[in-house]
Amino acid sequence: MDRRDATLKTPIALTIAGSDSGAGAGIQADLKTFAALGVYGACVVTALTAQNTKGVRAVHLAPPEVVAAQIDAVLSDFNVAAVKIGMLGSAAIAQTVEDALQPPSPRSRGEGRAPPSPRKRGEGERAYIVYDPVMAASSGAALSDAGFIEAVGRALLPRVDCLTPNLAEAAALLGQEIARTEADMVRQGRALIALGPRAVLMKGGHLPGDEAVDLLVTSEGVRRLAAPRRASTNLHGTGCTLSSAIAAHVVLGKPLWEAVAAAKAFVGEAIEAGRSLSLGVGPGPLIQTKLR
0 MDRRDATLKT PIALTIAGSD SGAGAGIQAD LKTFAALGVY GACVVTALTA QNTKGVRAVH
60 LAPPEVVAAQ IDAVLSDFNV AAVKIGMLGS AAIAQTVEDA LQPPSPRSRG EGRAPPSPRK
120 RGEGERAYIV YDPVMAASSG AALSDAGFIE AVGRALLPRV DCLTPNLAEA AALLGQEIAR
180 TEADMVRQGR ALIALGPRAV LMKGGHLPGD EAVDLLVTSE GVRRLAAPRR ASTNLHGTGC
240 TLSSAIAAHV VLGKPLWEAV AAAKAFVGEA IEAGRSLSLG VGPGPLIQTK LR
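Structure follows, in structure tokens:
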């Protein structure tokens, strides 16, 4: 087998996100998730953050031209099948990422359709895009600038195959109040679909109740995923892990619904694995381990 044959047979995903110096979220969580699920991970760094379990101390955004160069370097050489987008940080970087990614394929991409085969740019179909619209750290620190939401809505959302907002992020993208019920989540998920993404996974982990309920909203309908709420103080990187696990399972050939269900199960295992972890003095990370 020559080098090109080996590359074509290797499932590859790309994360475009910020770096977490505490390694609990961001590209570090994404790469650990990809590796745990048997997918090779490439990365594009959009920002450097100085953070630990106590919070974010500083953020330094990468120059947009450097972000563009990183994306071009990866996509011109690797057969990337899925792209997970996380923290972008600025309207300029959001526009840069949109410019660097291929336009969407003209044919429909319904939730039951298997993902495309890995291809380089120019060889056919583009990679499947999962976007976790990170705007603030779990500690509350802002991770995006003025004009960011407008740039995302205008340029990036029409490129997205699966958007994975939490309730605060969905509300911010829509300029609405945070959803309080599952009915609100459905309504906001449908409003987000109208902005361009092919599917929206509304993450309801912040709703009260014994279950953590997520809703996958598409033009075909709504599917509910519920799991027992897991009590743990170590939840840093949960959203990053979920979105990168979805991308990984898409790369491995699952249709979206199966990829989302498998990713949610993976996050549950990661929460359990990190429940008793003691790192630093604040909320710790998940432990991304392969499902048994």
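When you line the sequence shown up against numbering that gives the first Met the number 0, it's residues 0 to 291, in that order. Ideal placement from N, C-alpha and C gives every residue a C-beta, glycine not left out. In this text the structure is predicted, and so the values were computed from the model without any measurement.
Where does His-248 sit, in a helix, a strand or coil, going by DSSP?
helix
Going by the DSSP bridge assignment, what does Arg-222 pair with across the sheet?
DSSP lists Leu-215 as partners of Arg-222.
Flag this pair as touching only if the region 273-283 and the region 216-227 have three or more C-beta atom pairs under 8 angstroms; answer yes or no.
With a cut-off of 8 angstroms, the region 216-227 and the region 273-283 do not count as touching, because too few Cβ pairs lie within range.
Out of Gly-88, Ala-12, Leu-234 and Glu-219, point me to the one whose CA is closest to Arg-125's CA.
Residue Ala-12 is the option with its Cα nearest to Arg-125.
Please state whether DSSP places Pro-282 in a helix, a strand or coil.
coil
Closest to Ala-272 by CA distance: which of Trp-256, Val-249 and Ser-231 is it?
Ser-231
Rounded to a whole number of angstroms, what is the C-alpha to C-alpha distance between Ala-171 and Pro-196?
16 angstroms
Arg-158, DSSP secondary structure in three states:
helix
What are the start and end residues of the alpha helix (DSSP H) that includes Val-79?
Careful: Val-79 lies outside any alpha helix (DSSP H) and carries neither H nor E.
Is Ala-247 near Phe-33, with beta carbons less than 8 angstroms apart?
yes
Who pairs with Asn-165 in a beta bridge, going by DSSP?
Lys-202
Is Leu-156 closer than 8 angstroms to Leu-194 when the C-beta atoms are compared?
Taking 8 angstroms as the Cβ cut-off, Leu-194 and Leu-156 qualify as a contacting pair.
Between the region 7-27 and the region 235-247, do at least 3 Cβ pairs fall closer than 8 angstroms?
yes
Between the region 149-164 and the region 199-209, do three or more beta carbon pairs fall short of 8 angstroms?
yes
Buried or exposed: which applies to Gln-175, given that a residue is buried once 16 or more other Cβ atoms fall within 10 Å of its Cβ?
With fewer than 16 other Cβ atoms within 10 Å, it is exposed.
Rounded Cβ spacing between Gly-208 and Asn-165 (contact assumed at less than 8 angstroms):
Rounded, the Cβ-Cβ distance is 15 angstroms, inconsistent with contact.
Alpha carbon to alpha carbon, how far is Lys-8 from Ala-182? Give it in angstroms, no decimals.
When only Cα atoms are considered, Ala-182 and Lys-8 end up about 43 angstroms apart.
Cβ of Thr-240 within 8 angstroms of Cβ of Val-212?
no
List the endpoints of the continuous beta strand (DSSP E) containing Gly-273.
Segment 255-273 is the alpha helix (DSSP H) holding Gly-273; no beta strand (DSSP E) there.
Own chain, CB closer than 6 angstroms to Asp-131, minus 5 neighbours either side, in chain order
Excluding sequence positions up to five before and after Asp-131, its CB lies within less than 6 angstroms of the CB of Gly-85, Thr-163, Gly-238 and Ser-242, all in the same chain and listed in chain order.
Looking only at DSSP bridge pairs, what is Arg-37 linked to?
Reading off the sequence, residue 37 comes out as Gly, not Arg. Gly-37 pairs with nothing; no bridge assigned.
From Ser-75 to Val-96, what distance separates their C-alpha atoms?
15 angstroms
Measuring only the C-alpha atoms, how far is Ala-80 from Tyr-127?
C-alpha separation (whole angstroms): 6 angstroms.
Status (buried if at least 16 other CB within 10 Å, exposed otherwise) for Ser-18
Its Cβ being crowded by 16 or more others within 10 Å, Ser-18 is buried.
As assigned by DSSP and simplified to three states, the class of Val-133
coil
Based on the DSSP output, what are the partners of Ala-12 in its beta bridges?
DSSP, once it has assigned bridges, lists Gly-40 and Ala-81 as partnering Ala-12.
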